[in-house]
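Chains as they are written, first to last, in our numbering: chain D, 83 to 435; chain B, 83 to 435.
Quick reminder that beta carbons are idealized off the backbone N, C-alpha and C, glycines included.
Protein chains: 2
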Amino acid sequence: MSQPRDGRAVTSIDVAKAAGVSQSAVSRTFTPGTAVSEATRLKVLDAAKKLGYRPNAIARTLSTSRSRIIGVVLSTLDNQFYPAAIEHLSRSLQEHGLHVMLFFAEGRDVDGALSQLLTYQLDGVVIASATLSSRLARECTAMGIPVVMFNRSAASTQTSSVTSNNIEGGRLAANHLLDCGCDRIAYLAGRSDSSTNRDREAGVNLALLERGHTLVFREDGSYEPAMAKEATRRLMSAPQPPDGLIVASDYMAFAALDTLRNELGFEVPSQVCVVSFDDVPAAAWGAYALTTVAQSIPAMVHSTVSILLEQFSDQAMVARDVIVSSRLIVRSTTSAARVEGQVKGQKSARHAE
Amino acid sequence: MSQPRDGRAVTSIDVAKAAGVSQSAVSRTFTPGTAVSEATRLKVLDAAKKLGYRPNAIARTLSTSRSRIIGVVLSTLDNQFYPAAIEHLSRSLQEHGLHVMLFFAEGRDVDGALSQLLTYQLDGVVIASATLSSRLARECTAMGIPVVMFNRSAASTQTSSVTSNNIEGGRLAANHLLDCGCDRIAYLAGRSDSSTNRDREAGVNLALLERGHTLVFREDGSYEPAMAKEATRRLMSAPQPPDGLIVASDYMAFAALDTLRNELGFEVPSQVCVVSFDDVPAAAWGAYALTTVAQSIPAMVHSTVSILLEQFSDQAMVARDVIVSSRLIVRSTTSAARVEGQVKGQKSARHAE
DNA sequence: GACCAAATTGCATACGTATGCTACAGTCAA
DNA sequence: TTGACTGTAGCATACGTATGCAATTTGGTC
Numbered sequence: 083m084s085q086p087r088d089g090r091a092v093t094s095i096d097v098a099k100a101a102g103v104s105q106s107a108v109s110r111t112f113t114p115g116t117a118v119s120e121a122t123r124l125k126v127l128d129a130a131k132k133l134g135y136r137p138n139a140i141a142r143t144l145s146t147s148r149s150r151i152i153g154v155v156l157s158t159l160d161n162q163f164y165p166a167a168i169e170h171l172s173r174s175l176q177e178h179g180l181h182v183m184l185f186f187a188e189g190r191d192v193d194g195a196l197s198q199l200l201t202y203q204l205d206g207v208v209i210a211s212a213t214l215s216s217r218l219a220r221e222c223t224a225m226g227i228p229v230v231m232f233n234r235s236a237a238s239t240q241t242s243s244v245t246s247n248n249i250e251g252g253r254l255a256a257n258h259l260l261d262c263g264c265d266r267i268a269y270l271a272g273r274s275d276s277s278t279n280r281d282r283e284a285g286v287n288l289a290l291l292e293r294g295h296t297l298v299f300r301e302d303g304s305y306e307p308a309m310a311k312e313a314t315r316r317l318m319s320a321p322q323p324p325d326g327l328i329v330a331s332d333y334m335a336f337a338a339l340d341t342l343r344n345e346l347g348f349e350v351p352s353q354v355c356v357v358s359f360d361d362v363p364a365a366a367w368g369a370y371a372l373t374t375v376a377q378s379i380p381a382m383v384h385s386t387v388s389i390l391l392e393q394f395s396d397q398a399m400v401a402r403d404v405i406v407s408s409r410l411i412v413r414s415t416t417s418a419a420r421v422e423g424q425v426k427g428q429k430s431a432r433h434a435e
Numbered sequence: 083m084s085q086p087r088d089g090r091a092v093t094s095i096d097v098a099k100a101a102g103v104s105q106s107a108v109s110r111t112f113t114p115g116t117a118v119s120e121a122t123r124l125k126v127l128d129a130a131k132k133l134g135y136r137p138n139a140i141a142r143t144l145s146t147s148r149s150r151i152i153g154v155v156l157s158t159l160d161n162q163f164y165p166a167a168i169e170h171l172s173r174s175l176q177e178h179g180l181h182v183m184l185f186f187a188e189g190r191d192v193d194g195a196l197s198q199l200l201t202y203q204l205d206g207v208v209i210a211s212a213t214l215s216s217r218l219a220r221e222c223t224a225m226g227i228p229v230v231m232f233n234r235s236a237a238s239t240q241t242s243s244v245t246s247n248n249i250e251g252g253r254l255a256a257n258h259l260l261d262c263g264c265d266r267i268a269y270l271a272g273r274s275d276s277s278t279n280r281d282r283e284a285g286v287n288l289a290l291l292e293r294g295h296t297l298v299f300r301e302d303g304s305y306e307p308a309m310a311k312e313a314t315r316r317l318m319s320a321p322q323p324p325d326g327l328i329v330a331s332d333y334m335a336f337a338a339l340d341t342l343r344n345e346l347g348f349e350v351p352s353q354v355c356v357v358s359f360d361d362v363p364a365a366a367w368g369a370y371a372l373t374t375v376a377q378s379i380p381a382m383v384h385s386t387v388s389i390l391l392e393q394f395s396d397q398a399m400v401a402r403d404v405i406v407s408s409r410l411i412v413r414s415t416t417s418a419a420r421v422e423g424q425v426k427g428q429k430s431a432r433h434a435e
C-alpha cells in the first residue's frame with residue numbers, strides 16, 4: 083500500500099504519503115534552515131528510512147538552479163601535481179556537499195568544451211588547463227558562473243585566480259643556486275604561454291640581476307619531458323656547459339636528471355646543481371631527491387574552495403587573486419657546501435659534507 | 083522582444099518563440115533520432131544560435147532519468163596508475179557524451195558514499211577504490227545502476243569487472259626472475275584484501291611451484307610505500323637475503339628500490355633483481371627503469387566503457403568479467419644475462435651487456 | 001483532382017523538488 | 001471569552017525538457 087511504484091525511485095511524495103504529511107513537509111525536512119516541527123520531522127525521517135528514500139539531486143537542481151557540481155577543466159594528469167591537487171580539491175569540496183565533474187580540454191575546441199560545461203548548470207568552474215583557459219574563463223564569467231583559475235593567473239580582472247608566488251619562487255631558486263656557488267646558470271623553460279613559467283623565469287632573472295649575474299643559457303622544454311631531454315642535451319653539449327640548472331617544473335626535472343646522469347654521465351650536484359618547481363610527490367623519492375620550490379597544494383586548494391563558497395553567496399562576484407607563498411625545499415640535487423670557484427667538469431669532484 | 087528573460091538562461095521555450103515553432107520542435111531538434119523536418123531544424127538551430135541557447139542537461143535528466151554522468155569511486159590518486167586510468171576513462175566517456183563525477187571514499191562510511199552517489203541519478207558507477215567496494219557495488223546494482231569494478235574482481239556475479247590477468251602476470255614475473263637465474267625469490271605483497279594482490283601472488287606461487295621453487299620470503303607492504311620500505315629492510319637484513327624481489331606494485335617498487343640502493347647499498351640487478359606490476363609512467367623513467375608487468379590502461383578502459391554502454395541499452399544487466407592480458411616489460415632492474423649459480427652478495431658484480 | 005499513407009507538428013503532461021502564500025492551530029494577554 | 005500573534009502545514013506552481021498521442025501537413029499515385 084505505502085509501497086512506492088514498483089518502477090524505480092522512491093520520491094518525496096511516496097514518503098509524504100507514508101508519513102501522512104504533505105510533500106512540502108518532506109522537502110522541508112531535508113532542507114536545512116526551514117521550519118518543520120520536531121514531530122513531523124521525525125515522522126518524515128522515519129518513513130523515509132523505511133522506504134529507503136534519497137532526495138533527488140537532479141530535481142533539486144532544477145528547482146533551485148544550484149547543482150552543487152564544480153567543473154574542473156584539465157588538459158592532462160601526466161604531471162603529478164594535478165592528480166594531487168584534484169584529490170585534495172575533490173575531498174575538500176565533498177566536505178561542503180559539492181562534487182567534482184571532470185572535463186578534459188580537447189585541443190583548441192573552446193566551444194565544444196564550453197557547451198559541455200554549460201549544459202550541466204555548474205555552480206562553479208576550476209580551470210587548471212593550459213590551453214583555451216582565458217577564453218573559457220571569460221565566457222563562463224559572462225554566464226554568471228564563478229570561475230577560479232588554478233595555478234595560472236587570471237585572464238581578466240573579472241575572474242579569480244589562485245597561484246603560488248612564482249616570482250618569489252624563481253628568486254628562491256636562483257638565489258639558492260648562487261649560494262651553492264654556481265655561476266653559470268641556465269633556465270629550462272616551461273610553456274611560454276603559461277603564467278607559471280613567465281613568473282618563475284622573471285623571478286630567476288630578477289634575483290640574478292640583483293647579484294650581478296645573468297642567465298647563461300635558456301632552453302625551452304614546454305613542460306614536456308621529451309622536450310626537456312632534448313633541451314638538456316643541447317645545454318650540456320655547449321663548450322662551457324652550465325653548472326646550475328633551473329627547471330620550470332619537477333616533471334621536466336626528472337627527465338633532465340635522467341639525461342644528465344644516465345645518458346650524459348654528469349654528476350649531480352657536484353658538476354651541475356638542479357633545482358625546479360612544484361614539489362611533486364616523486365621529487366621526494368630517493369632516486370631523485372630533488373631540490374625544489376614547493377607549491378602548497380593544501381593552501382591553494384583551501385583558497386580555491388573559499389573563493390567558490392564566497393561567490394555562491396555574494397551576488398557581487400568580486401574576483402580575487404590569491405597568491406600562496408612558495409618555499410624552497412633543499413634535497414640532494416643541490417649542495418650548499420659547494421666550493422666557490424670550483425671548475426666544472428671535474429668528473430670526480432664530490433661535494434663536501 | 084524575442085529576448086530571453088533578463089534573469090539567466092535561455093530556454094527551449096525562448097527558442098521556440100523566436101523560431102516560431104513549438105517547444106517540442108526545439109526539443110526534437112536537439113534530440114538525435116527524432117523526427118524533425120529539415121526546415122524547422124534549421125529555423126530552430128538558427129534561433130538557438132542567435133539566442134545562445136544550450137540545452138539544460140539537468141532538466142533533460144529529470145525528464146529522461148538518464149544523467150549521462152558516471153560516478154568514479156576512488157580511494158586515492160597517489161599511485162600513478164589511477165590518474166592515468168582516470169584521464170583515459172574520462173576522455174573516452176566524453177566521446178560518448180558522458181562525464182565523470184569523482185567520489186573519494188572516506189574510510190568505512192559506505193552509507194555516506196552511497197547516498198552521495200545515489201542522489202545524482204548516475205547512469206553508471208566505476209569503482210576503483212579498495213575500501214568498501216563490494217558492499218557499495220552490491221547496493222548500486224540493487225538500485226539498478228550499472229557497476230564496473232575497475233582493477234578489482236567482482237564482489238558478486240551480479241556486478242561486472244575489468245581486471246588484467248593478474249595470475250598470468252604473477253607467472254610472468256616469477257618465470258622471468260627464474261630465467262634471470264634468481265633462486266631465492268621474495269614477494270612483497272599488496273593489501274591482502276585486494277584481488278589484485280591475491281591473484282598476483284597466486285600466479286607467482288604457481289609458476290614457482292611448476293619449476294620446483296618456492297617463495298623464500300613474503301612480506302606485507304599493503305600497497306603503501308612506507309610499509310614497502312620497512313618490508314624491504316626486513317627482507318634484506320636476513321642472513322641469506324633474497325636475490326630476486328617481486329613487488330606487488332610499481333608504486334611500492336620505487337620505495338623498495340630507493341631503500342635497496344640508497345639506504346642499504348645493494349646493487350640492482352646484479353645483487354637483487356626487482357620486478358613489479360602496473361607499468362606506471364614513472365617505471366619508464368631513467369632513474370628506475372623498472373622491469374614490470376604492464377596492465378594495459380587503454381584496454382581496461384575500453385572494456386569498461388563497452389560494458390557501461392552495453393548495460394545502458396540492455397535491460398538484462400548481464401554482468402561481464404573482462405580480463406585483459408598482461409605483458410612483461412623488461413627494463414634494467416632485472417638482467418636476463420645473469421650468470422646462473424652466481425653467488426649473491428658480490429658487491430661489484432655487473433650484469434652483462 | 002482526389003485520396004491514402006507517411007511524415008511532421010503541437011498539445012498536454014510527466015519528471016521530483018522547492019517555496020511563496022494562505023490557512024490554520026496554538027499560545028498568551030487583556 | 002476574545003483578540004492578536006507566532007509558528008506550521010498544505011496548496012499550487014515553477015524549474016526546463018522529453019514524449020505519447022492526436023491533429024495536421026506533405027507527398028505520391030491513380
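Nearest residue (CA-CA) to residue i, options the options
i, options, result
"B:Gly226", "B:Asn247, B:Gln203 and B:Arg280", "B:Gln203"
"D:Leu270", "D:Val108, D:Ala255 and D:Ala101", "D:Ala255"
"D:Arg142", "D:Leu175, D:Ala195 and D:Ser94", "D:Ser94"
"B:Asn344", "D:Tyr370, D:Val356 and D:Glu349", "D:Tyr370"
"B:Asp325", "B:Asp332, B:Lys131, B:Val350 and B:Ala335", "B:Val350"
"B:Asn257", "B:Lys131, B:Gly285 and B:Gln240", "B:Gly285"
"B:Ala364", "D:Ala310, D:Asp360 and D:Ala337", "D:Ala337"
"D:Thr416", "D:Pro380, D:Val400, D:Gln353 and D:Ser378", "D:Gln353"
"B:Ala237", "B:Thr278, B:Gly102, B:Arg150 and B:Ser174", "B:Thr278"
"B:Asp281", "B:Val362, B:Ala308, B:Ala330 and B:Asp191", "B:Ala330"
"D:Arg150", "D:Gln322, D:Leu175 and D:Glu169", "D:Leu175"
"D:Val451", "D:Ala107, D:Ile389, D:Lys125 and D:Val230", "One cannot answer for residue 451 of chain D here, as it falls past the ends of chain D, which runs 83 to 435."
Residue range of the unbroken beta strand (DSSP E) whose run includes residue i
i, result
"D:Glu188", "D:Glu188 -> no beta strand (DSSP E), and no H or E assigned at all."
"B:Leu327", "Gly326 to Val329"
"B:Leu156", "Ile151 to Leu156"
"B:Arg409", "Arg409 to Ile411"
"B:Ser358", "Cys355 to Asp360"
"B:Ile209", "Gly206 to Ile209"
Residue burial classification, residue i (beta-carbon count within 10 angstroms, cutoff 16)
i, result
"D:Gly423", "Residue placement at D:Gly423 is flagged as unreliable, the pLDDT there being 43, under the threshold of 50; a coordinate-derived value is accordingly withheld."
"B:His433", "Note that B:His433 scores a pLDDT of 40, beneath 50, so its modelled location is shaky and nothing firm can be said."
"D:Gly179", "exposed"
"D:Asp332", "buried"
"B:Glu250", "buried"
"D:Glu177", "exposed"
"B:Glu435", "Because B:Glu435 carries a pLDDT of 35, less than 50, the predicted location of this residue cannot be relied on, and the following value inherits that uncertainty. Answer is exposed; the Cβ neighbour count stays below 16."
"D:Val97", "buried"
"D:Asp340", "buried"
"B:Arg87", "Bear in mind that a pLDDT of 31 at B:Arg87, under 50, signals an unreliable position, so the number given afterwards is only what the model happens to contain. Counting Cβ neighbours within 10 Å, B:Arg87 comes out exposed, since fewer than 16 surround it."
Start and end residues, alpha helix (DSSP H) containing residue i
i, result
"D:Phe336", "Asp332 to Asp340"
"B:Ser395", "Ile379 to Ser395"
"B:Ile405", "Where B:Ile405 is concerned, there is no enclosing alpha helix (DSSP H), although the beta strand (DSSP E) it sits in stretches over Asp403 to Val406."
Neighbour list for residue i in chain B, Cβ cutoff strictly below 8 angstroms
i, result
"D:Ile227", "The premise fails here: D:Ile227 is roughly 10 angstroms from chain B at the closest Cβ pair, so nothing lies under 8 angstroms."
"D:Thr143", "Ile140"
"D:Ser149", "Ile140"
Under 7 angstroms from the C-beta of residue i: neighbouring residues of chain B
i, result
"D:Gln393", "Here the premise fails: no neighbours, minimum Cβ distance about 15 angstroms."
"D:Asp340", "Trp367, Gly368 and Ala369"
"D:Thr113", "Within chain B, no residue comes near D:Thr113; the closest Cβ sits about 13 angstroms away, beyond 7 angstroms."
"D:Thr201", "Arg136, Pro137, Asn138 and Ala139"
"D:Met309", "Here the premise fails: no neighbours, minimum Cβ distance about 16 angstroms."
Chain-ordered chain D contacts of residue i [CB-CB under 9 angstroms]
i, result
"B:His295", "In chain order: nothing, as chain D lies at least about 30 angstroms away."
Listed by chain order, chain D residues near residue i by CB distance under 7 angstroms
i, result
"B:Arg315", "Neighbours of B:Arg315 on chain D: none; closest Cβ ~13 angstroms, over 7 angstroms."
"B:His384", "The contacting residues do not exist; B:His384 stays about 17 angstroms from chain D at best."
Per-residue contacts from residue i into chain D (C-beta, under 8 angstroms)
i, result
"B:Phe186", "Glu169, Ser172, Arg173 and Gln176"
"B:Ala320", "Those within 8 angstroms of B:Ala320 in chain D number zero; the least Cβ separation is about 22 angstroms."
| In chain order, each beta strand (DSSP E) run of at least 3 residues that lies wholly inside the region 235 to 291 of chain D | Counting only runs of 3 or more, we get 242 to 246 and 267 to 271.
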